[in-house]
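Novice: For the protein sequence lines, the chains are A and B, in the order given.
So the first sequence is numbered by this note's numbering: it starts at 1 and just counts up by one.
So the second sequence is numbered by this note's numbering: it starts at 368 and just counts up by one.
Note that beta-carbon positions come from the ideal geometry of N, C-alpha and C, so glycine has one too.
I'd like to ask some things about the structure below.
2 protein chains.
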Amino acid sequence: MTADVLIVGTGLIGTSLALALEGQVDVALHDRDPGALAVALGRGAGRAWDQHEPARHAVLALPLSAIAPTFVVLHERGVAETWSHVASTQSAVQRDIETCAGDASVLCGSHPMAGSERNGPDAASATLFAGRPWVLCPSPTTSASALRATRRLAKLAGADPVELPAAQHDLAVALVSHLPQVAASALAAVVLAEGRKNPASLDLSGPGLQDSTRIAASDPALWTEILGHNARAVAPLVRALADELHRAAGVLDGLAAGTPAAAGTAEALTSGLRALLVSGNEGRRLVPVKHGEHDSAFAVVRVAVPDRPGQLAGVFVAAAEAGINVEDVRVEHLAGRPRGVIELLVPPSESRQAAAALTAAGWDVVG
Amino acid sequence: MTADVLIVGTGLIGTSLALALEGQVDVALHDRDPGALAVALGRGAGRAWDQHEPARHAVLALPLSAIAPTFVVLHERGVAETWSHVASTQSAVQRDIETCAGDASVLCGSHPMAGSERNGPDAASATLFAGRPWVLCPSPTTSASALRATRRLAKLAGADPVELPAAQHDLAVALVSHLPQVAASALAAVVLAEGRKNPASLDLSGPGLQDSTRIAASDPALWTEILGHNARAVAPLVRALADELHRAAGVLDGLAAGTPAAAGTAEALTSGLRALLVSGNEGRRLVPVKHGEHDSAFAVVRVAVPDRPGQLAGVFVAAAEAGINVEDVRVEHLAGRPRGVIELLVPPSESRQAAAALTAAGWDVVG
Chain A
1 MTADVLIVGT GLIGTSLALA LEGQVDVALH DRDPGALAVA LGRGAGRAWD QHEPARHAVL
61 ALPLSAIAPT FVVLHERGVA ETWSHVASTQ SAVQRDIETC AGDASVLCGS HPMAGSERNG
121 PDAASATLFA GRPWVLCPSP TTSASALRAT RRLAKLAGAD PVELPAAQHD LAVALVSHLP
181 QVAASALAAV VLAEGRKNPA SLDLSGPGLQ DSTRIAASDP ALWTEILGHN ARAVAPLVRA
241 LADELHRAAG VLDGLAAGTP AAAGTAEALT SGLRALLVSG NEGRRLVPVK HGEHDSAFAV
301 VRVAVPDRPG QLAGVFVAAA EAGINVEDVR VEHLAGRPRG VIELLVPPSE SRQAAAALTA
361 AGWDVVG
Chain B
368 MTADVLIVGT GLIGTSLALA LEGQVDVALH DRDPGALAVA LGRGAGRAWD QHEPARHAVL
428 ALPLSAIAPT FVVLHERGVA ETWSHVASTQ SAVQRDIETC AGDASVLCGS HPMAGSERNG
488 PDAASATLFA GRPWVLCPSP TTSASALRAT RRLAKLAGAD PVELPAAQHD LAVALVSHLP
548 QVAASALAAV VLAEGRKNPA SLDLSGPGLQ DSTRIAASDP ALWTEILGHN ARAVAPLVRA
608 LADELHRAAG VLDGLAAGTP AAAGTAEALT SGLRALLVSG NEGRRLVPVK HGEHDSAFAV
668 VRVAVPDRPG QLAGVFVAAA EAGINVEDVR VEHLAGRPRG VIELLVPPSE SRQAAAALTA
728 AGWDVVG
């Protein structure tokens with residue numbers, strides 16, 4: 001028997017892919033950790049691979065450093081006709097594979113833009129890839145059949161295949177994913193150093209610090225590997241951010257030292273600060289918030305509620321009954337405050353109606 | 368007639384304070400912008416001040432640079448017995464007041480730790496301060512009666528008065544509020560510069576970039592003033608963050624240039640990267656997420672839903688019916704994905720029950 005697809009590695013991505021393919025093609029699964037394999041099989045993700053059976057296409061859903069060595073061994077054994085991997089950085093992995101395997105024309109690198117801060121088959125979901133970009137990164141030697149098989153896989157998983165050269169993919173993820181990770185970790189590292197000196201400071205913290213350090217909780221082992229593999233693309237961005245902050249520190253130092261005699265200088269320094277904040281506004285407007293739309297595409301309706309069970313449900317029921325299309329929700333809880341503010345993002349054309357309907361239903365709409 | 372409290376400035380903070388004091392003490396309101404005053408009065412926040420009537424206590428809820436000049440003029444006219452302001456930075460304002468007024472013993476600086484990215488009386492709420500810290504920053508010359516009146520005001524507003532020297536307050540807000548603002552603005556400025564070169568990169572962005580740039584949308588005029596006034600405390604923190612990022616950029620440069628011959632060096636570099644990520648984990652754990660609790664105090668239940676109206680309401684109704692205590696919610700919308708993942712934060716002891724109840728109610732619990 002020949003499997004349609006062999007998935008090697010039953011972590012979050014491998015298991016989700018198997019679940020997404022279920023019922024469409026015949027999927028064999030393998031993981032060198034029998035426990036992880038058992039969890040994936042228990043979730044109904046394909047059948048166990050007997051380590052001999054050939055496959056039309058094999059996907060290496062493995063940690064970055066395991067991809068090239070695993071490919072060399074299994075390809076040597078003629079396990080599959082075409083191959084792909086799902087690495088979160090592409091150029092370095094491609095280089096490794098070409099170094100180790102010589103000819104790697106049967107393989108196409110790819111990267112589904114979906115994930116979770118949770119890992120492992122437990123966190124897998126059949127719909128993880130639905131509607132998300134799945135970047136295909138053929139190398140100059142990748143065969144047409146390997147590219148075709150990888151594109152088909154992405155489509156079967158419900159994703160949107162996008163072809164990008166490996167170098168361009170790596171630049172893009174360096175900006176939208178790796179730079180924010182380094183920034184959040186560095187900010188949290190400063191919080192650690194300063195918070196140890198003045199622990200009481202953190203009692204005054206609010207949603208700004210919470211949001212900007214959220215991804216600092218990510219797995220250090222995973223991220224050390226990702227950043228190391230994409231170092232060439234990430235380094236200049238981290239340096240650009242550091243330079244921007246050094247300039248800001250210089251401006252702030254100047255303002256701190258300022259005397260009335262240096263009023264002209266103070267004005268120039270203040271302009272520097274304002275320019276940074278204005279650039280920040282403009283940069284933020286480039287970030288897609290939902291479905292490729294941006295902040296300005298939504299209006300915010302704020303409802304103050306006592307901070308106790310059932311309030312969130314109450315607001316949503318009132319909104320649903322009024323036919324309001326709630327696009328997103330943010331809950332602001334502040335340390336020690338016995339109430340919260342629920343922010344509902346709605347289409348601007350519906351915001352007046354939403355505020356009126358919630359007020360009529362007895363909720364405290366605060367603006 | 369003598370007003371109990373005169374509030375000068377009917378922006379978000381002044382109007383919210385008036386609403387919070389309503390029914391407890393007699394409040395007179397003033398704003399040099401008649402439009403803003405009218406909105407505040409229209410919301411039921413006290414009565415208009417006739418500009419002659421004296422007050423027991425006056426609160427200056429004004430932009431930072433307007434506090435000292437306004438105090439000098441009104442104090443000269445003997446308007447109030449004691450005074451306070453609600454400035455978001457304290458030392459510079461205190462210095463300005465002492466420079467302009469000579470004796471400022473009738474005044475106590477203070478800072479309610481509450482706000483919104485929205486400004487103006489429209490966004491005001493009677494419960495804005497409830498349960499939040501309200502920092503009192505008496506100077507060495509502040510009289511006991513001015514401190515007492517300011518503390519009473521904070522309590523009447525439902526806040527928790529905390530006494531801190533101005534310098535210590537400024538260090539704390541520099542860390543928990545001003546540094547994250549500069550970091551987010553600088554990150555978004557890099558996104559702007561790079562996004563202009565490669566606009567397609569941003570199509571691949573996800574929740575990490577969204578969260579870490581959210582506050583980059585803040586008002587540049589307001590923040591230029593805040594950062595300028597607290598420059599002395601903010602500058603070293605911004606420099607520490609820049610240094611941390613420069614070190615990271617150096618490590619990444621080293622890894623990008625690395626050759627197999629330099630394997631020992633590569634190991635040292637990788638350790639540097641891992642150390643940063645681990646410090647980030649530890650720093651994040653210091654950040655209170657809700658009621659002074661931290662990330663680890665909650666378990667996450669993830670529900671995948673089709674991304675269409677009514678789904679959020681449905682999940683909350685199911686949770687409420689099962690008696691689940693949903694502490695917080697995050698909605699992950701990814702560009703182009705026709706579904707979303709709703710993350711419910713629940714007490715760890717309730718997470719199994721919550722997952723089971725939602726599954727039983729037909730929802731797709733994904734981990």
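Closest by CA to GLU393 of chain B, which one among B:PRO421, B:ALA551 and B:ALA428?
Specialist: Along the second sequence, read from residue 1 onward, the residue named residue 393 of chain B stands at position 26. Strictly speaking, residue 393 of chain B in this sequence is Asp, with Glu absent from that position. Of B:PRO421, B:ALA551 and B:ALA428, the residue nearest in Cα terms is B:PRO421.
Novice: Going along chain A in order, which residues have a C-beta closer than 8 Å to the C-beta of ARG641 of chain B?
Specialist: Residue 641 of chain B sits at position 274 when you count from the first residue of the second sequence. What ARG641 of chain B touches in chain A: PRO220, ALA221 and THR224.
Novice: If you follow the alpha helix (DSSP H) that LEU60 of chain A is part of, which residue opens it and which one closes it?
Specialist: Along the first sequence, read from residue 1 onward, the residue named residue 60 of chain A stands at position 60. Taken as a continuous stretch (DSSP letters only), LEU60 of chain A belongs to no alpha helix (DSSP H), being part of the beta strand (DSSP E) at 55 to 60.
Novice: Count the other CB atoms, across all protein chains shown, that sit within 10 Å of the CB of MET1 of chain A; report buried if there are 16 or more and exposed otherwise.
Specialist: One-based indexing of the first sequence puts residue 1 of chain A at position 1. Its Cβ having fewer than 16 others within 10 Å, MET1 of chain A is exposed.
Novice: Alpha carbon to alpha carbon, how far is ALA356 of chain A from VAL301 of chain A?
Specialist: For this step, residue 356 of chain A is matched to residue 356 along the first sequence. For this step, residue 301 of chain A is matched to residue 301 along the first sequence. Cα to Cα, ALA356 of chain A sits roughly 10 Å from VAL301 of chain A.
Novice: So with Cβ pairs under 8 Å, would you call ILE67 of chain A a contact of chain B?
Specialist: Position 67 of the first sequence, counting from 1, holds the residue named residue 67 of chain A. For ILE67 of chain A, the answer is no, since every Cβ of chain B falls outside 8 Å of its Cβ.
Novice: Quick one: is ASN486 of chain B near chain A, going by C-beta distance under 8 Å?
Specialist: In the second sequence, counting from the first residue as 1, residue 486 of chain B sits at position 119. False, the Cβ-Cβ gap to chain A never drops below 8 Å.
Novice: For ILE464 of chain B, decide whether its Cβ has a neighbour in chain A, counting only Cβ atoms nearer than 8 Å.
Specialist: Within the second sequence, the letter at position 97 stands for residue 464 of chain B. It does not; no Cβ of chain A falls within 8 Å.
Novice: Measure the Cβ-Cβ separation of ILE374 of chain B and LEU396 of chain B and say whether it is below 8 Å.
Specialist: Here residue 374 of chain B refers to the residue found at position 7 of the second sequence. Here residue 396 of chain B refers to the residue found at position 29 of the second sequence. Yes, the pair counts as a contact, with Cβ atoms nearer than the cut-off.
Novice: Beta-carbon separation of VAL654 of chain B and SER205 of chain A under 8 Å?
Specialist: Taking the first residue of the second sequence as 1, we reach residue 654 of chain B at position 287. Taking the first residue of the first sequence as 1, we reach residue 205 of chain A at position 205. Yes.
Novice: Cβ closer than 9 Å: which chain B residues qualify as neighbours of ILE215 of chain A?
Specialist: As a first step, residue 215 of chain A is located in the first sequence; it is residue number 215 there, counting from the start. Neighbours of ILE215 of chain A on chain B, chain order: PRO574, GLY575, ASP578, SER579, GLY647 and ARG651.
Novice: How do the segment 532 to 551 of chain B and the segment 442 to 462 of chain B stand: do at least 3 beta-carbon pairs fall below 8 Å, yes or no?
Specialist: yes
Novice: Is TRP730 of chain B helix, strand or coil by DSSP?
Specialist: Counted from its first residue, the second sequence places residue 730 of chain B at position 363. Correct three-state label for TRP730 of chain B: coil.
Novice: Is SER143 of chain A helix, strand or coil when you go by DSSP?
Specialist: One-based indexing of the first sequence puts residue 143 of chain A at position 143. Coil, per DSSP.
Novice: Relative to the C-alpha of GLU327 of chain A, which candidate in A:PRO348, A:VAL59 and A:ARG43 has its C-alpha closest?
Specialist: Reading the first sequence from its first residue, position 327 is the one you call residue 327 of chain A. The option with the nearest alpha carbon to GLU327 of chain A is A:PRO348.
Novice: Can you tell me which of A:ILE13, A:ASP364, A:GLY283 and A:PRO34 puts its alpha carbon nearest to the alpha carbon of ALA584 of chain B?
Specialist: Against the second sequence, residue 584 of chain B aligns to sequence position 217. Looking at the Cα atoms, A:GLY283 is the closest of the given residues.
Novice: For the beta strand (DSSP E) containing ALA666 of chain B, list its first residue and its last residue.
Specialist: As a position in the second sequence, residue 666 of chain B is number 299, starting the count at 1. Start and end: 666 to 673.
Novice: Do you know how far the Cα of GLY625 of chain B is from the Cα of GLU634 of chain B?
Specialist: If you number the second sequence from 1, residue 634 of chain B lands on position 267. If you number the second sequence from 1, residue 625 of chain B lands on position 258. Taking the CA atoms as reference points, GLU634 of chain B sits about 10 Å from GLY625 of chain B.
Novice: Considering SER177 of chain A, what are the terminal residues of the beta strand (DSSP E) in which it resides?
Specialist: Here residue 177 of chain A is taken as the residue at index 177 of the first sequence, counted from 1. Premise fails: SER177 of chain A is in no beta strand (DSSP E) and is neither H nor E.
Novice: For PRO180 of chain A, count the other beta carbons within 10 Å of its own beta carbon; 16 or more makes it buried, fewer makes it exposed. Which is it?
Specialist: Stepping through the first sequence from its first residue, residue 180 of chain A is reached at position 180. Within 10 angstroms of the beta-carbon of PRO180 of chain A lie 16 or more other beta-carbons, which makes it buried.
Novice: If you draw a straight line from the C-alpha of TRP730 of chain B to the C-alpha of VAL305 of chain A, how long is it?
Specialist: Counted from its first residue, the second sequence places residue 730 of chain B at position 363. Counted from its first residue, the first sequence places residue 305 of chain A at position 305. About 26 Å.
Novice: Hey, does HIS246 of chain A have any beta-carbon neighbour from chain B nearer than 8 Å?
Specialist: The residue given as residue 246 of chain A occupies position 246 in the first sequence. By this cut-off, HIS246 of chain A is an interface position.
Novice: Label GLU688 of chain B either buried or exposed according to how many other C-beta atoms from any shown protein chain fall within 10 Å of its C-beta, with 16 as the threshold for buried.
Specialist: Counting from 1 along the second sequence, the entry for residue 688 of chain B is found at position 321. GLU688 of chain B should be labelled exposed.
Novice: May I ask which residues mark the beginning and end of the alpha helix (DSSP H) holding GLY476 of chain B?
Specialist: As a position in the second sequence, residue 476 of chain B is number 109, starting the count at 1. That residue, GLY476 of chain B, is in no alpha helix (DSSP H); its beta strand (DSSP E) goes 474 to 479.
Novice: Listing by chain order, which chain A residues have their CB less than 7 Å from the CB of PHE683 of chain B?
Specialist: For the purposes of this step, residue 683 of chain B is identified with residue 316 of the second sequence, where counting begins at 1. The answer, in chain order, is LEU312, ALA313 and PHE316.
Novice: So LEU273 of chain A and GLY595 of chain B are supposed to be a Cβ contact under 8 Å. How far apart are they, rounded?
Specialist: For the purposes of this step, residue 273 of chain A is taken as residue 273 along the first sequence, with counting starting at 1. For the purposes of this step, residue 595 of chain B is taken as residue 228 along the second sequence, with counting starting at 1. The Cβ separation is near 7 Å, so the contact holds.
Novice: Nearest chain B C-beta to SER145 of chain A closer than 8 Å, yes or no?
Specialist: Within the first sequence, residue 145 of chain A is the residue found at index 145, counting from 1. False, the Cβ-Cβ gap to chain B never drops below 8 Å.
Novice: Can you tell me the Cβ-Cβ gap for TRP450 of chain B and ALA513 of chain B, rounded? I've got them flagged as a contact below 8 Å.
Specialist: Position 83 of the second sequence, counted from the start, is the residue given in the question as residue 450 of chain B. Position 146 of the second sequence, counted from the start, is the residue given in the question as residue 513 of chain B. Rounded, the Cβ-Cβ distance is 7 Å, consistent with contact.
Novice: Measure the Cβ-Cβ separation of ALA680 of chain B and VAL317 of chain A and say whether it is below 8 Å.
Specialist: On the second sequence, position 313 is the one that residue 680 of chain B refers to. On the first sequence, position 317 is the one that residue 317 of chain A refers to. Yes. Within cutoff.
Novice: Give me, in chain order, the residues of the same chain whose beta-carbon lies closer than 7 Å to that of HIS178 of chain A; leave out the 5 immediate sequence neighbours on both sides.
Specialist: Locating residue 178 of chain A in the first sequence gives position 178, where the first residue counts as 1. Result list for HIS178 of chain A: ILE226, LEU227, ASN230 and VAL234, in chain order.
Novice: Out of A:LEU175, A:ILE67 and A:GLN51, which has the shortest C-alpha to C-alpha gap to LYS564 of chain B?
Specialist: Locating residue 564 of chain B in the second sequence gives position 197, counting from the first residue. Checked all of A:LEU175, A:ILE67 and A:GLN51; the closest Cα to LYS564 of chain B is A:LEU175.
Novice: Would you mind sorting GLN24 of chain A into buried or exposed? The rule is 16 or more other CB atoms within 10 Å of its CB.
Specialist: Within the first sequence, numbered from 1, the residue matching residue 24 of chain A stands at position 24. GLN24 of chain A should be labelled exposed.
Novice: Using a Cβ-Cβ cutoff of less than 7 Å, which residues in the same chain neighbour VAL439 of chain B once the five nearest sequence positions on both sides are dropped?
Specialist: In the second sequence, residue 439 of chain B corresponds to position 72, counting from 1. Cβ-Cβ distances below 7 Å link VAL439 of chain B to CYS467 and ALA468 in the same chain, with the five nearest sequence neighbours on each side left out; the list follows chain order.
Novice: Spell out whether any CB of chain B is found under 8 Å from the CB atom of THR270 of chain A.
Specialist: For the purposes of this step, residue 270 of chain A is identified with residue 270 of the first sequence, where counting begins at 1. Closer than 8 Å to some Cβ of chain B, the Cβ of THR270 of chain A qualifies, so yes.
Novice: Could you tell me which chain B residues have their CB closer than 7 Å to the CB of ARG232 of chain A, listed as they occur along the chain?
Specialist: The residue you call residue 232 of chain A lines up with position 232 of the first sequence. Within 7 Å Cβ-Cβ: ALA623.
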